[in-house]
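Visitor: Chains as they are written, first to last, in my numbering: chain U, 2 to 256; chain H, 2 to 256. One structure, as structure tokens, below. Some questions next.
There are 2 protein chains.
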Amino acid sequence: MLKSLAKALDVVELLATHRRAMPLAEISRRLKMSKPTLHEILLTLAMRGFVERREGGMYQLGLRAWEVGAAASVEPLIAASAAVMQKIAADINEDAALSVLSGFEIVNVHHVTCGQAVRVYAQVGTRIPAHHAAAGLLLLAHQSDDYIDAVMPARLEAATPNTITDPDRLRHEFKRIRARGYAVNNGGWRIDVAGAAAPVFNADGAAIAALCVAAPRYRTNREWMRSTASVLIDGAATINDMILNSQAPRERLAS
Amino acid sequence: MLKSLAKALDVVELLATHRRAMPLAEISRRLKMSKPTLHEILLTLAMRGFVERREGGMYQLGLRAWEVGAAASVEPLIAASAAVMQKIAADINEDAALSVLSGFEIVNVHHVTCGQAVRVYAQVGTRIPAHHAAAGLLLLAHQSDDYIDAVMPARLEAATPNTITDPDRLRHEFKRIRARGYAVNNGGWRIDVAGAAAPVFNADGAAIAALCVAAPRYRTNREWMRSTASVLIDGAATINDMILNSQAPRERLAS
DNA sequence: AACGGTTATTCCGTATTGCCGAACGATAGC
DNA sequence: GCTATCGTTCGGCAATACGGAATAACCGTT
Numbered sequence: 002m003l004k005s006l007a008k009a010l011d012v013v014e015l016l017a018t019h020r021r022a023m024p025l026a027e028i029s030r031r032l033k034m035s036k037p038t039l040h041e042i043l044l045t046l047a048m049r050g051f052v053e054r055r056e057g058g059m060y061q062l063g064l065r066a067w068e069v070g071a072a073a074s075v076e077p078l079i080a081a082s083a084a085v086m087q088k089i090a091a092d093i094n095e096d097a098a099l100s101v102l103s104g105f106e107i108v109n110v111h112h113v114t115c116g117q118a119v120r121v122y123a124q125v126g127t128r129i130p131a132h133h134a135a136a137g138l139l140l141l142a143h144q145s146d147d148y149i150d151a152v153m154p155a156r157l158e159a160a161t162p163n164t165i166t167d168p169d170r171l172r173h174e175f176k177r178i179r180a181r182g183y184a185v186n187n188g189g190w191r192i193d194v195a196g197a198a199a200p201v202f203n204a205d206g207a208a209i210a211a212l213c214v215a216a217p218r219y220r221t222n223r224e225w226m227r228s229t230a231s232v233l234i235d236g237a238a239t240i241n242d243m244i245l246n247s248q249a250p251r252e253r254l255a256s
Numbered sequence: 002m003l004k005s006l007a008k009a010l011d012v013v014e015l016l017a018t019h020r021r022a023m024p025l026a027e028i029s030r031r032l033k034m035s036k037p038t039l040h041e042i043l044l045t046l047a048m049r050g051f052v053e054r055r056e057g058g059m060y061q062l063g064l065r066a067w068e069v070g071a072a073a074s075v076e077p078l079i080a081a082s083a084a085v086m087q088k089i090a091a092d093i094n095e096d097a098a099l100s101v102l103s104g105f106e107i108v109n110v111h112h113v114t115c116g117q118a119v120r121v122y123a124q125v126g127t128r129i130p131a132h133h134a135a136a137g138l139l140l141l142a143h144q145s146d147d148y149i150d151a152v153m154p155a156r157l158e159a160a161t162p163n164t165i166t167d168p169d170r171l172r173h174e175f176k177r178i179r180a181r182g183y184a185v186n187n188g189g190w191r192i193d194v195a196g197a198a199a200p201v202f203n204a205d206g207a208a209i210a211a212l213c214v215a216a217p218r219y220r221t222n223r224e225w226m227r228s229t230a231s232v233l234i235d236g237a238a239t240i241n242d243m244i245l246n247s248q249a250p251r252e253r254l255a256s
């Protein structure tokens, strides 16, 4: 493990999680790094455009970081889903989102807003514990037992009284999700938010993403859940097809 | 300058520009790095999720790289533009794009497709020389002379016979662009593609992005250019307002 | 199944270089 | 004008990144 590289990644991740410009001193304090070392790291990152130096010595993530991110493995997935999600958001008239699993957390990789005045606020690129949301429950349900055992924390934090925190109940929920083909969540993340999610599979049959809809809970009920889930399952199937079709040409790309 | 960090950034940028998974040996050859060193770097990057190790020793940019990119400084701009661009693409019935300047190149940061069968192919996250496109001409036209002198290469490469390659003609074009408030391009990038672009300004009055439309040239003419430009100028103004309004709350964010 | 060519990985000695204490300017607040 | 905090420079020591050589896994071919 390269120490200097690891430190640089710490810096980059810190700037990413806080999503704002920071002065050198603050980064130094938060990461407990000496100022000269940090200065050197930031200089290197800035020289390559991974961070930008705003006036007043404020550092923030730069254009190159964005460019690199745009070339990451999830990007084709996002591109394939965009149109479908647009249509779903319009049809159901609620926000649609796409999430992937990372350890025991989910990352929001795409979001399409609907026209409603009251909407669920969600930011692309953020992480939340998987058991707090329908998308996370769905993706966990489709992982192997080994995976679950490896990533599940000893204690499941509750976000609301409705959050599932008992491991046994969670595993039982996984079974239900697999049987039904979709996951639901009623106020387990925020007490006034409900959601549903359906799986997107890759060519190997692994669940790689969750197509989901989140709505203010007062606009939902059991019937809404059922009809929404069927729309999501259809949409996920469409995305599946697009992935399978785009995979082949991708392989054929020359050097 | 930190050598090990610089090498790691080289690796990451290589994976980004080629947009595909690569085996260790190929990276080693392209960057002329020893395999043990590279192995160590990739291990560190993989441990943090910045690259992913697919089966068969293929490395590609991972989820963490995407997350970091999603927190970069351009992201708020993209979020603010998305809705406006959607509307423009629908109204004009041609693809809309958003580009920013980086040295003497432009980076495509967002793209909205229209419903047309014949469209201009463009990938988000890619770079092209600024003088090849309307967006680049527009952004260069709004930079200081010092900036232009610093970044303009000695020789301007021509992409087509229509590309402006004479520095004097380029500087003259900048004047026209500033006077009209928008830039056009007729086959300077690809011979059968035309485009128009209007500037998005930040609070300091600096042109930070170009809102543009690219279309197959046979669907365009002088009248089309004029009407498209006026739509773009309106759209850019709307984005301006959104930026100014969203800046304030952003500053107020607590630690 | 045995083979050559390619690959990924481990090991280790060297000297390169990342690291931080201390000191220096620069800046802002009171 | 003082003080506190910030960004930056300098330099010397020790840690550690580096790559050659050896090893082990892999793949397609015969």
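In this text, a Cβ means the ideal position worked out from N, Cα and C, and glycines have one as well. Just so you know, these numbers come straight off a predicted model, no measurement behind them.
Residues of chain H with CB closer than 7 Å to the CB of U:Q61, please, in chain order.
Guide: For this step, residue 61 of chain U is matched to residue 60 along the first sequence. In chain order: S74.
Visitor: Out of U:V101, U:E68, U:F51, U:L39, which has the shortest C-alpha to C-alpha gap to U:L199?
Guide: On the first sequence, position 198 is the one that residue 199 of chain U refers to. Here residue 199 of chain U turns out to be Ala, not Leu, going by the sequence shown. Minimum Cα distance to U:A199 is reached at U:V101.
Visitor: With respect to the alpha helix (DSSP H) encompassing H:Y148, which residues constitute its N-terminal and C-terminal limits?
Guide: Residue numbering aside, residue 148 of chain H sits at position 147 when the second sequence is read from its first letter. Start and end: 146-152.
Visitor: So, at 8 Å on beta carbons, what are the nonlocal neighbours of U:A123 in its own chain, with the 5 sequence-adjacent residues on each side left out?
Guide: To locate residue 123 of chain U, count along the first sequence from 1; it is residue 122. D96, A98, N109, H112, A215.
Visitor: Between the beta-carbon of U:I107 and the beta-carbon of U:Y183, is there less than 8 Å?
Guide: Numbered from its first residue, the first sequence carries residue 107 of chain U at position 106. Numbered from its first residue, the first sequence carries residue 183 of chain U at position 182. Their beta carbons are not under 8 Å apart, which means U:I107 does not touch U:Y183 by this criterion.
Visitor: From U:L16 to U:A9, what does the alpha carbon distance come to, in whole angstroms?
Guide: The count along the first sequence starts at 1 and reaches residue 16 of chain U at position 15. The count along the first sequence starts at 1 and reaches residue 9 of chain U at position 8. Taking the straight line joining both Cα atoms gives about 11 Å.
Visitor: Check U:R54 in the structure and name its three-state DSSP category.
Guide: Here the question's residue 54 of chain U lines up with position 53 in the first sequence. Strand at U:R54.
Visitor: Residue range of the beta strand (DSSP E) that U:L102 falls in?
Guide: For the purposes of this step, residue 102 of chain U is identified with residue 101 of the first sequence, where counting begins at 1. That run of the beta strand (DSSP E) goes 96-103.
Visitor: Nearest to U:R173 by alpha carbon, out of U:L138, U:P162, U:T161, U:G206?
Guide: Within the first sequence, the letter at position 172 stands for residue 173 of chain U. The sequence given here places His at residue 173 of chain U; Arg does not occur at that position. Taking only the C-alpha atoms, the option nearest U:H173 is U:L138.
Visitor: Would you say H:E41 reaches chain U, if we count a Cβ-Cβ gap shorter than 8 Å as a contact?
Guide: Residue 41 of chain H sits at position 40 when you count from the first residue of the second sequence. Judged by the 8 Å Cβ criterion, H:E41 is in contact with chain U.
Visitor: Over what stretch of residues does the beta strand (DSSP E) that includes H:L62 continue unbroken?
Guide: Here residue 62 of chain H refers to the residue found at position 61 when the second sequence is read from its first residue. Per DSSP, H:L62 belongs to the beta strand (DSSP E) from 59-62.
Visitor: Closest Cβ-Cβ distance between H:W67 and chain U: below 8 Å?
Guide: In the second sequence, the residue the question calls residue 67 of chain H occupies position 66. With 8 Å as the cut-off, H:W67 counts as an interface residue toward chain U.
Visitor: Answer with yes or no whether the minimum CB distance from U:T45 to chain H is below 8 Å.
Guide: Here residue 45 of chain U is taken as the residue at index 44 of the first sequence, counted from 1. Cβ-Cβ to chain H under 8 Å: yes for U:T45.
Visitor: List the residues of chain U whose Cβ lies closer than 7 Å to the Cβ of H:R20, in chain order.
Guide: The sequence position of residue 20 of chain H within the second sequence is 19, counting from 1. Here the neighbours are A72.
Visitor: For U:V185, which residues does DSSP report across the bridge?
Guide: Residue 185 of chain U sits at position 184 when you count from the first residue of the first sequence. Bridge partners of U:V185: U:A197.
Visitor: Can you pull the chain U residues whose beta carbon is under 8 Å from the beta carbon of H:G137, in chain order?
Guide: If you number the second sequence from 1, residue 137 of chain H lands on position 136. Under the 8 Å cutoff, chain U gives no residues; its nearest Cβ is about 15 Å from H:G137.
Visitor: Determine whether the Cβ of H:G206 lies closer than 8 Å to any Cβ atom of chain U.
Guide: Along the second sequence, one-based indexing puts residue 206 of chain H at 205. Chain U contact via Cβ: absent.
Visitor: Check H:P77 in the structure and name its three-state DSSP category.
Guide: Taking the first residue of the second sequence as position 1, residue 77 of chain H is located at position 76. Of the three classes helix, strand and coil, the one that applies to H:P77 here is helix, per DSSP.
Visitor: Work out the CA separation of U:P37 and U:A135 for me, nearest whole Å.
Guide: Your numbering for residue 135 of chain U matches position 134 in the first sequence. Your numbering for residue 37 of chain U matches position 36 in the first sequence. In a straight line, the C-alpha of U:A135 is about 45 Å away from that of U:P37.
Visitor: Ignore the nearest five residues each way along the sequence and tell me which others in U:P154's own chain have a CB closer than 7 Å to its CB.
Guide: Locating residue 154 of chain U in the first sequence gives position 153, counting from the first residue. F105, listed in sequence order.
Visitor: Measuring CA to CA, which of U:E68, U:L39, U:R220, U:M243 is closest to H:T127?
Guide: Here residue 127 of chain H refers to the residue found at position 126 when the second sequence is read from its first residue. Nearest option by C-alpha distance: U:E68.
Visitor: How should H:E76 be labelled, buried or exposed, when 16 other C-beta atoms within 10 angstroms of its C-beta is the threshold for buried?
Guide: Counted from its first residue, the second sequence places residue 76 of chain H at position 75. Burial call: buried.
Visitor: Using a Cβ cut-off of 7 Å, which residues of the stretch 188-203 of chain U contact any Cβ in chain H, in chain order?
Guide: Within the stretch 188-203 of chain U, no residue has a Cβ that lies closer than 7 Å to any Cβ of chain H.
Visitor: Could you give the DSSP three-state label for H:E158: helix, strand or coil?
Guide: In the second sequence, counting from the first residue as 1, residue 158 of chain H sits at position 157. Three-state DSSP puts H:E158 in coil, outside helix and strand.
Visitor: Please state the DSSP three-state secondary structure of H:H19.
Guide: As a working note, residue 19 of chain H is residue 18 in the second sequence. Helix at H:H19.
Visitor: Comparing the C-beta of H:R49 with each C-beta of chain U, is any distance below 8 Å?
Guide: As a working mapping, residue 49 of chain H is identified with position 48 in the second sequence. Closer than 8 Å to some Cβ of chain U, the Cβ of H:R49 qualifies, so yes.
Visitor: Relative to the alpha-carbon of H:L32, which residue among H:L43, H:A210, H:D11 has its alpha-carbon at the smallest distance?
Guide: Taking the second sequence and counting its residues from 1, the one referred to as residue 32 of chain H is at position 31. Considering only alpha carbons, the answer is H:D11.
Visitor: Would you mind reading off the limits of the beta strand (DSSP E) that contains U:A210?
Guide: One-based indexing of the first sequence puts residue 210 of chain U at position 209. Looking at the DSSP string, the run of the beta strand (DSSP E) that includes U:A210 is 208-217.
Visitor: So what does DSSP say about U:I28, is it helix, strand or coil?
Guide: Locating residue 28 of chain U in the first sequence gives position 27, counting from the first residue. In this structure, U:I28 counts as helix in the three-state DSSP scheme.
Visitor: Residues in its own chain within less than 8 Å of U:V152 by CB, not counting five upstream and five downstream?
Guide: By 1-based counting over the first sequence, the position of residue 152 of chain U is 151. Cβ neighbours of U:V152 beyond the five flanking positions: G104, F105.
Visitor: Assign H:M48 to buried or exposed, taking buried as 16 or more other Cβ atoms, counted over all protein chains shown, within 10 Å of its Cβ.
Guide: Here residue 48 of chain H is taken as the residue at index 47 of the second sequence, counted from 1. By the 10 Å Cβ count, H:M48 comes out exposed.
Visitor: Would you verify that the beta carbon of H:P250 is, or is not, closer than 8 Å to some beta carbon of chain U?
Guide: Taking the first residue of the second sequence as 1, we reach residue 250 of chain H at position 249. Per-residue confidence for H:P250 stands at a pLDDT of 44, beneath the threshold of 50, marking its modelled position as unreliable; the derived number appears in the next sentence. Taking Cβ atoms only, chain U never reaches closer than 8 Å to H:P250, which makes this a no.
Visitor: By how many angstroms is the C-alpha of H:C115 removed from the C-alpha of H:A84?
Guide: As a position in the second sequence, residue 84 of chain H is number 83, starting the count at 1. As a position in the second sequence, residue 115 of chain H is number 114, starting the count at 1. One C-alpha to the other measures close to 14 Å.
Visitor: On the three-state DSSP scale, how would you describe H:N222?
Guide: Locating residue 222 of chain H in the second sequence gives position 221, where the first residue counts as 1. Residue state, collapsed to three classes: coil.
Visitor: Can you pull the chain H neighbours of U:V125, defined as C-beta to C-beta under 7 Å?
Guide: The count along the first sequence starts at 1 and reaches residue 125 of chain U at position 124. Per Cβ cutoff of 7 Å: A71.
Visitor: Can you name the start and end residues of the alpha helix (DSSP H) that U:I42 belongs to?
Guide: The residue given as residue 42 of chain U occupies position 41 in the first sequence. Run containing U:I42: 36-48, per the alpha helix (DSSP H) assignment.
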